[in-house]
Structure formats: structure tokens, C-alpha cells
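Visitor: Below you will find the structure I want to go over with you.
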Amino acid sequence: MSDRISEQHDTSTGAPRSDRPDRKKQRPKGVGVTLKVLSIIGKVLLSALLIMVITGSIVAGAMTIYIMKMDKGTDIDLGQMNLNYTSFLYEKDDVTGEWVKTEEYHGQENRTWVDFDQIPQYMKDAAVAIEDQRFYQHKGVDWKRTIGAMINSFVPIYGGRQGGSTITQQLIKNLTDDTDVSFSRKIREIMRALEFEKTNNKDDILCAYLNTIALGSGCHGVQAAANKYFGKDVSQLNLAECASIIGITKYPTRYNPLLYPENNKERQLTVLAEMLRQGKISQAEYDEAVAYPLEFNPSSTLEEDVTHVQSWYSDMVFEDVVDSLVEELGYDRKYAQTMLFTQGLRIYSAVDRDAQAAVEEVYSDPSNFPSIKAASEPQSGIVVMDYTGRIVATAGAIGEKTDTRVFSRATMAKRQTGSSIKPLTTYGPALEFDKITYSTVYPDEPLTIKQNGKLTKWPPNYNDRWSYKNVTVQKGLEKSLNTISARILEDIGIDASFDFAKDRFHLDSLIDSEEINGITYTDRDRSPLALGGMTKGLTVLEMTAAFQTFGNGGLYYEPYSFYRVEDADGNVLIEKAKEGEGSSASRTLSSDTAYIMNRLMTQVVDGSSGTGREIRNNGYWPESKGMEIFAKTGTSGADNDSTNVWIVGGTPYYVAGVWYGFDTPKALPKSIVNGAKYGWAKSMRGIHADLENIKFPADDSVVMRTYCEDSGLLAGNSCTHKKLGYYKKTNIPGVCNGIHKNLSDGALNDESSELASSTSTVSQPESSSQEVSSSSPAVSEAPSSQASESQSSIEPPASSSSSTSSQPVDSGSSSTHRPAA
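As numbered in the working numbering, residues 296 to 1116 make up the sequence shown, in order.
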């Protein structure tokens, strides 16, 4: 017993003895520390996990509430989509009779809607194969693809960034412009897609998608892309072309075939491979498409490099459609212009393509006009119409057209007309009112009027010459004598003349009364109406439209450049005329007046002193012999200078008007004052190249009689100066007895008819209320009767600086200021 005790304890302390080993194994110090660290980490991870679970639960709950409260509808009706559509201009091919698309009007989005059955099956299959292969199986969202895309965004599984949007989701994004890059937008898109597919079938969704996708070069939709890249309707595309277009969708710039054809080919092969893998095409179809050489539209160019330039006629149509939308449908101008770029309108042009080509051939080449060899050359504008209001051709400048929708001197510029106004303000109205006949005589002497408080002789003829002899209406118009026009105006009255021109001939640019720079101006006065020295002037289109009445029996047809405008669904919005029927017409002149005016103006071209005789005699249009032509020339300027030069006239086929001059008004050198006749004759020569030379049809109510040039009456046995004239059956003058005296002496033929007496009397000078400006008055167009007939028919102008249109309405003023023309 004592021995065992001594083995275990020290007798003095009772502690275990150190010389005996401890049975219990001791822990290393490092292990304890590690356990403590792991314990702490475990607690942290557990806490983090609990926080994540709690946070996730909160987020999930909040998201659930958000989704439940979210407006899951799209408010999208595929039948009423508010998209921008390209408008088209069509011209008729006179050979085939088919309408040909020639112009497109669109903004940044070039889009043309095409129905589902017009889209090739290859196009549909290509889109589904490369964009959404389970399109016909899912309900708007491809969950497998969506989840895969989410995982790939954190852990790259695929070679590149994988999109998860279905065709339905892409369509919704395109239609709503909801492009915000956020988690909430993606959730919103998913919910909308699920709801959207509950009310729309797959084919309608795919159709809308194919009509809205961006395909580069401003093209939106497969139809615009087919037109742009291949010059075809989408229905005409083959498999290779369909795959090329669908391949653009991934990156419209990178795969644009005009910018990067190699990239586009690579992407096309990817699309074709997917179609083959998914069984949408056979191996043979695949091989054929791969081998097919893609040939892109040769007329298609990159907008960044080349800007398409429209013709003068197309420019005019655009402006006329805008005007019609404003005037007939009540839109404001800005919205009307927007409609052409966004509403998919279809516009049917009235252009005659051959006539337009003939005019452009003349006007695009400056060598067809006289030149002064200077940096600033004269300009010109032309309008050509038929006799039912149809504008068949136009050009707004000399030289190559380099831009679209530019200023046209044919339809936009207002210029003083000079003597070309006379048939519309004096001769025509006087004949209509039976104030004159073809041969009525007036004395070639000036009126006496009060000007700046003094009596003065007005108007002067060329070089201030007057013959003081009897001159017939026919010869006065042929030589464009200002005195004859002025005296006719006195007989019919200023108000009657102005109202006739504005209301009957539709010269809307005539100014009744307008204040400019504090001064009131009017064209209801002598110089504007007798000589064409107007406040602002008229357009070539206005003049041409008015002159059509002299070739069609007296009818005014509203000029038109397009037949009709349809909306994108084919409903007619505006109709100007039906083909072959002309526009709305009103009677301006009786048919007999119109025909007699026609006969009078043929002598401007064919008379020995005619101011337009160069048209035939100087070789401008030598083939025109045998073709009847009526015309009136005109010039306006100051002090015998020619600033604005005109000719308006027609054949039995067409009527045309031409203005010629500097854009900034200044005198034309004498050597080029025939520039308007060049433009008129050369253009009409080209238009009539294949047309037979014919005459105007006679009017049954007009008879031919021989008249005495000295008295203006029907020729008697003793009359020595005789000519043939044209008369209304209801207004035939009496017979001359052979006693001839100058009317300027106040002596009339003793046996003159009442008509001759009444029409030859000159009005007395008017009161000071008719006082004209103090500047020198306008001058006539032709040499005096004493001048040699061999002189060139250069036309001195109606003064632009002295026209009575410039006088203030207040008769007490003597201001000579004029507004800029």
C-alpha cells in the first residue's frame, strides 16, 4: 500500500511525480488558434447567408409587389401602329402605261410597309432561325435563352455576349422606344411580351417585326432594305438575298452591305448555316445560296457620300402637294411637310417624261443660252403646259441642278412682265367687252397725264418716238406699241382691267394695295396694267397658265403638277385631275374672243415687225415652219434697259412661258436680250420633235374679212391698204368709204360705224388722283413705225423704276421709291 502511494505522489506536496509520464495526450498550440478562426469565419458566413436570405426575401417580395402592380399592357395595336413611313412619287411611263416609282420622301427612317403574304418564306425562316428559333413554341419569352443570357452576363459561357430577347420582345422595344438600360426595363419588357402574345398571333407579330427592324442606311423594314440594297421588291428576293438582309439586324452598321460587304457575306453564311441546321432549307438550297453572287443595286449609293438630286419637276410636285394639304385639308405647313416624310403618301405626278427630258437637256447646258463670259451669268425659268392645266415640264435655272428643293425661277420668282402682260390686261378684256375688234385703230400718240403736278406725255414708245398715225390693234400688238395698249386701257378702265386680270386670268400676284416700308403700293394703275411695270411681278407659272386660254377656246384650267395623293392605305386624299380629263375649268374668254386673240398673237411671230419673229427666222426653231405659233414678248427695266425679258406663247400642242434675266435685277447687255427666246424655242423644238406641224382649230363664231388698215373698218372699193382680219359674227365693223384721216387730228371717217367711233375716242387726261411718279415712264418694246423693219426686234422695257405701281395711293405724294422686285 505504502509502496503504491509513494509511486504516485510526492510526500511533501502531494503533486504527481514528474518522473512518471501523463496518460492524457496534450494539444499542439497552433491547432487551437485555427479552430477559433474557423469558428469566427463560420459565424460570419452564416450571418452573411442569413442576411442574403433575408435581403433576397425582401427584394423578391418587393419585386413580386412591383410586378403585380406593373402595367403589363403595351397599348400597342398592330393595326394602328404609329410609325414613320416613306412617301413615294410615281411617274407614268407613256410607252408601257405603267406607273414608275421615281422619288422617295422620308426622314431618318426609310420604311415601306409590306403585307405578310408578300414577304418570302425564306425571309421569315431566316429571321426566326437567327433571331428566335423557338419563336413558334414560346409564349413571348424564351425562358431557356433568357436564363442563359443572365448567367452568361456573370459567367461567360458563350463566345460573345448572348442576347435573350425574343422577336416579340424586340418588336415591343422597337414600337415603344423603351430602350432604357436597366433591370426594371428588362422585367417590363418580359411582362409586356407575355401579355402581348395573349392578344396577337405569331404571324402578325413576325410581320410587324420584319416591317420595323433597322437594316442600315436609314432603312427600316425588309421592303425598304430590298429596294435600297437590291433594287427589288421584297417579294422578288431569293434565299441568298433574304439571308443577306436578315444578317444586318445584329449590327446594322457592321453588316451594312454597302459599307462592309465582306462582313455582310460572313454574316449571311452564318444565317444560312443556322437555317440548314434547323432544317428550314435543304443542303441543295444552302449550297446554291452560298454560291450565289450578291449584286447590290448599282443605283444605290451611301447617303454619307452622295446626295440624290431630284428633278425640277419633282421639286415642284413636293411644294404643290404641301400647298394642297394646307389649302384643301387645313393642315399647317410644317405638319404638311412632315406628312410627306412620315405618312407613306403615294403621289402620282402629271409630268410628261419626254417633255421634261427635252427641257432639262436645254436648261442643264448653259451653252444653249447667250453668255456674257462673266462670273454671274443671267438665269432663266420655264413652264410648259398642255391646254387642260397639266404642267408637263419645267426648269427653274440654267445649269446642272446640284441640290433638291431649291429656289425655282419658274414657280417661285416674281418678276415684272413688261409688255407680255398686254393680252391679259388690255387687248383680251377689250375684245371680250367688244370695245375693240381685230382692226380697230388708235392714234400712235401719247396720252396727256398729270405727273408730279405737271402735264406730261405718257407713255413713250421706243426711243420716245410716236408716229402720230393711225395704228390698228393688230399692228399695235405685233410691234408692242405702248401707246396702243395705254389707249385701250383708257377705254376699258383701270378697275375693269385689274379685276379681269386678277379674277378671270387668276393673276393672284397682282397687288391691289400693299404697304411696303411704310409706303402703300398698288398694281391697280396705268403702268402695271398697260406696260407690265408691277410692284412685285408675276411668276412664269401664272403667266403660262393665263395664256393657255388663247389656245383652248377661252378656258382657264387650274394648273396642276400631280393627279392625286393617296394615303398609305390607298385612300384618295387630294385629287387635282383625272388622267386625260384636265383639272377644274372656268370660262375666262368667250371662244370667239380667244380665237381672235390667238390670231392677233400669231403675228408677233409671223408678222414682218413681230417682236418674236426670231423664233423662226433666226434658226432657233427652223422646223416650226408650218406649225402655228402664238406668242407675246415683254421686257421691263429703266431708261431703255432690259432687266426682265419674257416670252409666253404656244403651239396647238403646248403653251410655254420663259423669263430671262439676272437674279439680282440689273440691265442685260444688248447682245443677250434674246435669251428668253432661246430658251423657249429650243425647249419647244425638243418637245415637238416627233409631232406633226399643225394649225389651231378655227372657231365657228369667227369670220374672216378684208379690212382697211387706215380706218380699221372693212375695206371699201377705194381702200388701198388692205389685210385679212378676224371678227366675231356679232361684232363686225362697218365699211370704209375711202376717206382716211388721222385720229390724232380729231377727224374720224364720216361714214365710220358707231363701233369705230366709240372705240377710237381717247379719254381725256385724268385728275391729279392718277398722278404718277416723277421718274421717266416706261418705254415700248419695238422700234417706231419709222424705224427700219430690218432692225432686230430687241425690246426696250417697261421701266421698273418709274412704274406707276410704285406711286403711293396718296395722290399728293411724289415719291419715286420702289420696293425690291
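Idealized CB from N, CA, C, for every residue including glycine.
Since we're looking at a predicted model, the values are computed, not measured.
What is the rounded straight-line gap between the Cα of Pro547 and the Cα of Glu557?
Guide: What you label residue 547 is simply residue 252 of the sequence shown in a count that begins at 1. What you label residue 557 is simply residue 262 of the sequence shown in a count that begins at 1. For Pro547 and Glu557, the distance between alpha carbons rounds to 14 Å.
Visitor: How many angstroms separate the CA atom of Asn913 from the CA atom of Gly907?
Guide: To locate residue 913, count along the sequence shown from 1; it is residue 618. To locate residue 907, count along the sequence shown from 1; it is residue 612. The straight-line gap from Cα to Cα measures roughly 10 Å.
Visitor: Which of the three DSSP states, helix, strand or coil, is assigned to Phe925?
Guide: Numbered from its first residue, the sequence shown carries residue 925 at position 630. Reduced to three states, the DSSP call for Phe925 is strand.
Visitor: Since Leu534 and Glu580 are thought to touch, with beta carbons under 8 Å apart, how far apart are those beta carbons, to the nearest angstrom?
Guide: Against the sequence shown, residue 534 aligns to sequence position 239. Against the sequence shown, residue 580 aligns to sequence position 285. That pair is a contact at about 6 Å.
Visitor: Classify Tyr757 as buried or exposed, calling it buried when 16 or more other Cβ atoms lie within 10 Å of its own Cβ.
Guide: Here the question's residue 757 lines up with position 462 in the sequence shown. Tyr757 is buried by the Cβ-count criterion.
Visitor: Rank Ser856, Asn522 and Leu340 by C-alpha distance to the C-alpha of Thr381 and give the top, closest one.
Guide: Counted from its first residue, the sequence shown places residue 381 at position 86. It is Asn522.
Visitor: In chain order, what residues of the same chain lie with their CB nearer than 6 Å to the CB of Thr1056, ignoring the 5 residues before and after it?
Guide: Taking the sequence shown and counting its residues from 1, one reaches residue 1056 at position 761. With a pLDDT of only 33 at Thr1056, under the threshold of 50, the placement of this residue in the model should not be trusted, and no figure is reported.
Visitor: Rounded to a whole number of angstroms, what is the C-alpha to C-alpha distance between Pro960 and Ala688?
Guide: One-based indexing of the sequence shown puts residue 960 at position 665. One-based indexing of the sequence shown puts residue 688 at position 393. When rounded, the distance between both Cα atoms is 26 Å.
Visitor: Would Val957 pass as a contact of Pro665 if the rule is Cβ separation under 9 Å?
Guide: Mapped onto the sequence shown, residue 957 falls at position 662. Mapped onto the sequence shown, residue 665 falls at position 370. According to the sequence displayed, residue 957 carries Phe and not Val. Against a cut-off of 9 Å, the Cβ pair of Pro665 and Phe957 comes out as no contact.
Visitor: Cα separation between His515 and Ala926?
Guide: Working through the sequence shown from its first residue, we reach residue 515 at position 220. Working through the sequence shown from its first residue, we reach residue 926 at position 631. Using only the alpha carbons, I get a separation of about 52 Å.
Visitor: Where Leu826 and Ala781 are concerned, what is the direct C-alpha to C-alpha distance, given to the nearest angstrom?
Guide: The sequence position of residue 826 within the sequence shown is 531, counting from 1. The sequence position of residue 781 within the sequence shown is 486, counting from 1. In a straight line, the C-alpha of Leu826 is about 8 Å away from that of Ala781.
Visitor: Decide if Val736 is buried, meaning its Cβ has at least 16 other Cβ atoms within 10 Å, or exposed.
Guide: If you number the sequence shown from 1, residue 736 lands on position 441. Buried: at least 16 other Cβ atoms inside 10 Å.
Visitor: Taking 8 Å as the cut-off, does the stretch 396 to 407 touch the stretch 488 to 498 (at least 3 CB pairs, one atom from each stretch)?
Guide: no
Visitor: Measuring alpha carbon to alpha carbon, tell me which residue in Lys717, Ser762, Gly723 and Thr720 is nearest Asp739.
Guide: Within the sequence shown, numbered from 1, the residue matching residue 739 stands at position 444. That would be Ser762, whose Cα lies nearest to the Cα of Asp739.
Visitor: So Asn1037 packs on Lys764, CB below 8 Å; how close in whole Å?
Guide: As a first step, residue 1037 is located in the sequence shown; it is residue number 742 there, counting from the start. As a first step, residue 764 is located in the sequence shown; it is residue number 469 there, counting from the start. Right, their Cβ atoms sit about 6 Å apart.
Visitor: Helix, strand or coil for Thr743 per DSSP?
Guide: Translated into the one-based positions of the sequence shown, residue 743 becomes position 448. The answer is strand: DSSP assigns Thr743 an E or B state.
Visitor: Rounding to the nearest angstrom, what Cα-Cα distance links His603 and Thr699 in this structure?
Guide: As a first step, residue 603 is located in the sequence shown; it is residue number 308 there, counting from the start. As a first step, residue 699 is located in the sequence shown; it is residue number 404 there, counting from the start. Taking the straight line from one Cα to the other gives about 8 Å.
Visitor: Of the choices Phe795, Phe591 and Asn663, whose alpha-carbon is the least far from that of Asp818?
Guide: Along the sequence shown, read from residue 1 onward, the residue named residue 818 stands at position 523. The closest CA to that of Asp818, considering only Phe795, Phe591 and Asn663, is found on Phe795.
Visitor: Under DSSP, the alpha helix (DSSP H) around Met418 begins and ends at which residues?
Guide: As a working note, residue 418 is residue 123 in the sequence shown. Unbroken alpha helix (DSSP H) run through Met418: Gln416 to Glu426.
Visitor: Please report the residue range of the alpha helix (DSSP H) in which Pro556 lies.
Guide: In the sequence shown, counting from the first residue as 1, residue 556 sits at position 261. Pro556 -> alpha helix (DSSP H) spans Pro556 to Arg572.
Visitor: Distance, Cα to Cα, Asp994 vs Ile414?
Guide: Indexing the sequence shown from 1 puts residue 994 at position 699. Indexing the sequence shown from 1 puts residue 414 at position 119. Pairing Asp994 with Ile414, the inter-Cα distance amounts to about 58 Å.
Visitor: Report the start-end ranges of each beta strand (DSSP E) in the stretch 868 to 899 that is 3 residues or longer and not cut off at the edges.
Guide: The qualifying runs are 880 to 882.
Visitor: Answer with buried or exposed for Lys274, where buried requires no fewer than 16 other C-beta atoms within 10 angstroms of its C-beta.
Guide: This structure gives no information on residue 274, because the portion of the chain shown stretches from 296 to 1116.
Visitor: Can the beta-carbon of Gly877 be found closer than 9 Å to that of Arg685?
Guide: Counted from its first residue, the sequence shown places residue 877 at position 582. Counted from its first residue, the sequence shown places residue 685 at position 390. Against a cut-off of 9 Å, the Cβ pair of Arg685 and Gly877 comes out as a contact.
Visitor: For Arg704, which of Met979, Asn935, Glu837 and Ile467 has the nearest alpha-carbon?
Guide: As a first step, residue 704 is located in the sequence shown; it is residue number 409 there, counting from the start. The option with the nearest alpha carbon to Arg704 is Glu837.
Visitor: Can we say the stretch 611 to 621 touches the stretch 856 to 863, given the rule of at least three CB pairs closer than 8 Å?
Guide: Counting Cβ pairs under 8 Å, three or more are found: they touch.
Visitor: Which stretch, first to last residue, makes up the beta strand (DSSP E) that contains Ala951?
Guide: One-based indexing of the sequence shown puts residue 951 at position 656. Unbroken beta strand (DSSP E) run through Ala951: Val950 to Gly956.
Visitor: How would you call Ser1013, buried or exposed, if buried means at least 16 neighbouring beta carbons within 10 angstroms?
Guide: Numbered from 1 along the sequence shown, position 718 holds the residue referred to as residue 1013. By the 10 Å Cβ count, Ser1013 comes out exposed.
Visitor: Report buried or exposed for Glu773, applying the criterion of at least 16 other Cβ atoms within 10 angstroms of its Cβ.
Guide: On the sequence shown, residue 773 is found 478 positions in, with the first residue counted as 1. Classification for Glu773: buried.
Visitor: Given a threshold of 16 other Cβ atoms within 10 Å of its Cβ, counted over all protein chains shown, does Ile667 qualify as buried or as exposed?
Guide: One-based indexing of the sequence shown puts residue 667 at position 372. With fewer than 16 other Cβ atoms inside 10 Å of its own Cβ, Ile667 counts as exposed.
Visitor: Given that a residue counts as buried once 16 or more other Cβ atoms are within 10 Å of its Cβ, and exposed if not, what is Asn812?
Guide: As a first step, residue 812 must be located in the sequence shown, where it is residue number 517. Counting Cβ neighbours within 10 Å, Asn812 comes out exposed, since fewer than 16 surround it.
Visitor: Could you give the C-beta distance for Ser675 and Gly970, rounded to a whole number, given that I count them as a contact under 8 Å?
Guide: Translated into positions along the sequence shown, residue 675 becomes position 380. Translated into positions along the sequence shown, residue 970 becomes position 675. Indeed they touch by this definition, with Cβ atoms about 7 Å apart.
Visitor: Near Val657, which residues of its chain fall below 6 Å by C-beta distance, leaving aside the five closest residues on each side in sequence?
Guide: On the sequence shown, residue 657 is found 362 positions in, with the first residue counted as 1. So the qualifying residues of the chain are Asn663, Lys977 and Ser978.
Visitor: For Ser797 and Lys709, what's the separation of their Cα atoms in angstroms?
Guide: Counted from its first residue, the sequence shown places residue 797 at position 502. Counted from its first residue, the sequence shown places residue 709 at position 414. The residue asked about is misnamed: residue 797 is Lys in this sequence, not Ser. C-alpha separation (whole angstroms): 15 Å.
Visitor: Does DSSP classify Trp408 as helix, strand or coil?
Guide: Here residue 408 corresponds to residue number 113 of the sequence shown, with the count starting at 1. It is coil, neither helix nor strand.
Visitor: Alpha carbon to alpha carbon, how far is Gln531 from Asn551?
Guide: Counting from one through the sequence shown, the residue named residue 531 turns up at place 236. Counting from one through the sequence shown, the residue named residue 551 turns up at place 256. Each residue's Cα considered, the two are about 20 Å apart.
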